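Colleague: Residue numbers (the working numbering): 6 to 289. Take a look at this one; I'll ask things after.
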């Protein structure tokens with residue numbers, strides 16, 4: 006009975022301590038590249054201390070999947086302690102989830118080691134203050150749910166698949182257009198435009214993999230390029246075949262997507278032809 010009354014006396018004290026600290030968590034459009042969280046206001050954790058007691062605390066943080074399975078957790082034994090005094094204090098990702106002491110589960114660790122990105126899916130970020138000695142909770146857990154959408158590589162627009170261009174116009178200029186990388190990223194991507202001639206004995210993909218490109222140019226953020234081939238297409242009676250593609254690169258000019266399905270970050274290639282100009286009958 007005495008023990009029971011002691012617990013009843015202690016419970017209001019704990020509730021009163023917790024009531025003296027309020028917290029809020031703001032998550033602003035997280036990038037799949039988790040290192041980018043450290044360089045901007047992706048994570049904002051606001052702590053408001055209402056009393057005059059100064060106390061050391063740790064910030065506990067966990068990244069979970071949609072079903073609540075923990076995929077990353079902060080090693081509290083290595084975490085920095087913060088002394089909280091009366092007033093408002095704001096913490097960011099480098100304080101909440103410093104990568105150097107964050108432990109990822111096996112499959113996610115392997116993906117991040119290879120690509121630096123979290124795979125597409127739904128995630129939960131949970132943050133709370135805990136006692137710096139025994140890690141006991143001090144405040145309620147704040148949780149935010151967010152989605153990471155799989156990036157959509159550019160889609161080729163012009164020349165369309167199977168298009169035939171007139172030889173004289175093609176000698177002057179060929180316009181290439183494509184859609185941008187979606188969704189938009191904080192870092193402006195590079196687009197590598199390549200054009201290959203498909204020889205008479207080749208399949209289009211053979212030319213893409215084995216031939217030297219006639220055009221190989223990298224453009225930052227641009228989704229159109231006017232190519233002046235400086236080649237003659239009017240001397241051949243048989244239309245020439247060409248294949249073109251866009252490779253999307255990150256700021257380091259490495260493939261934007263580095264997965265088994267598309268490790269080169271290439272768009273689906275399109276085949277086009279350059280044919281002899283049609284003969285126009287007199288009077289037309």
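Ideal Cβ positions, reconstructed from N, Cα and C, are used throughout, including at glycine. Being a predicted model, the structure only gives us computed values, none of them experimental.
1. Report, in whole angstroms, the separation of the C-beta atoms of residue 290 and residue 183, which I expect to be a contact under 8 Å.
2. Do residue 29 and residue 69 come within 8 Å of each other at the CB atom, strictly closer than that value?
3. With C-beta atoms as the reference, is residue 178 less than 8 Å away from residue 233?
4. Can you find at least 3 beta carbon pairs, one from the stretch 192-200 and one from the stretch 223-238, that sit closer than 8 Å?
5. Could you check whether the stretch 53-70 touches the stretch 92-109, counting it as contact only if at least three pairs of C-beta atoms, one from each stretch, sit closer than 8 Å?
6. Answer with buried or exposed for residue 5, where buried requires no fewer than 16 other C-beta atoms within 10 angstroms of its C-beta.
7. Quick one: Cα of residue 222 to Cα of residue 253, how far?
8. Taking only runs that begin and end inside the stretch 201-258, name each unbroken beta strand (DSSP E) of 3 or more residues, in chain order.
9. Start and end of the beta strand (DSSP E) containing residue 79?
10. Hey, residue 195 and residue 224 are a contact pair by Cβ (cut 8 Å); roughly how many whole angstroms apart?
11. Would you tell me roughly how many angstroms separate the C-alpha atoms of residue 276 and residue 42, rounded to the nearest one?
12. Between residue 96 and chain C, is there a C-beta pair that is closer than 8 Å?
13. DSSP three-state call for residue 64: helix, strand or coil?
14. Using a Cβ distance threshold of 8 Å, determine whether the stretch 113-120 contacts the stretch 132-147, with at least three qualifying pairs required.
15. Check whether the Cβ atoms of residue 185 and residue 228 lie closer than 8 Å to each other.
16. Pick from 113, 40, 278, 96: whose alpha carbon is nearest that of residue 74?
17. Return the chain-ordered list of same chain residues with a C-beta closer than 8 Å to the C-beta of residue 158, the five sequence neighbours on each side being excluded.
18. Hey, residue 169 and residue 274: beta-carbon distance below 8 Å or not?
19. Residue 242: which of 226, 38, 278, 92 sits nearest, CA to CA?
20. How many Å lie between residue 280 and residue 214 at the Cα?
21. Between residue 50 and residue 149, what straight-line distance do the alpha-carbon atoms span, to the nearest angstrom?
22. Is the distance from the Cβ of residue 91 to the Cβ of residue 54 below 8 Å?
23. Put residue 160 into one of helix, strand or coil per three-state DSSP.
24. Assign residue 84 to one of two classes, buried (16 or more other C-beta atoms within 10 Å of its C-beta) or exposed (fewer than that).
25. Starting from residue 175 and walking both ways along the alpha helix (DSSP H), at which residues does that stretch end?
26. Tell whether a beta-carbon distance below 8 Å holds between residue 204 and residue 212.
27. Hey, could you find the ends of the beta strand (DSSP E) residue 149 is sitting in?
28. Considering only residues of the same chain and omitting the five flanking positions on each side of residue 121, which have a CB-CB separation below 8 Å?
Modeller: Reading off the structure:
1. There is simply no residue 290 to check, as the chain begins at 6 and stops at 289 in what is shown.
2. Not in contact: residue 69 and residue 29 (Cβ atoms no closer than 8 Å).
3. Yes, they are a contact pair.
4. Taking 8 Å as the limit for Cβ pairs, the verdict is that the stretch 223-238 does touch the stretch 192-200.
5. Yes, since at least three Cβ pairs between the stretch 53-70 and the stretch 92-109 fall closer than 8 Å, the two stretches touch.
6. With the chain represented from 6 up to 289, any question about residue 5 goes unanswered, as that position is not in the structure.
7. Each residue's alpha carbon lies about 12 Å from the other.
8. Taken in chain order, the complete beta strand (DSSP E) segments of 3 or more residues contained in the stretch 201-258 are 220-225, 229-232, 245-254.
9. Where residue 79 is concerned, the enclosing beta strand (DSSP E) starts and stops at 75-79.
10. The pair is a contact, with the Cβ atoms about 7 Å apart (cut-off 8 Å).
11. Answer to the nearest angstrom: the Cα atoms are 40 Å apart.
12. Although the question refers to chain C, the structure presented lacks it and comprises just one protein chain.
13. DSSP places residue 64 in the strand class (E or B) of the three-state scheme.
14. With a cut-off of 8 Å, the stretch 132-147 and the stretch 113-120 do not count as touching, because too few Cβ pairs lie within range.
15. Taking a C-beta distance under 8 Å as the contact criterion, residue 185 and residue 228 qualify as a contact pair.
16. Taking residue 74 as reference, the option from 113, 40, 278, 96 with the minimal CA-CA separation is 113.
17. Around residue 158: 186, 251, 253, 261, 262, 267, 270, 271, 272.
18. It is not a contact, given that the beta carbons lie outside the stated cut-off.
19. Closest option to residue 242, Cα to Cα, is 278.
20. Distance between the alpha carbons of residue 280 and residue 214 is about 24 Å.
21. Cα to Cα, the separation comes out at about 11 Å.
22. Yes, Cβ-Cβ distance for residue 91 and residue 54 is below 8 Å.
23. Residue 160: coil per DSSP, three-state reduction.
24. A residue is called buried when at least 16 other Cβ atoms come within 10 angstroms of its Cβ; residue 84 meets this threshold and is buried.
25. First-last of the alpha helix (DSSP H) with residue 175: 172-177.
26. Annotated as proximal: residue 204 and residue 212, with beta-carbon spacing under 8 Å.
27. Residues 147-153.
28. Closer than 8 Å at the Cβ level, and outside the excluded window around residue 121, lie 38, 39, 40.
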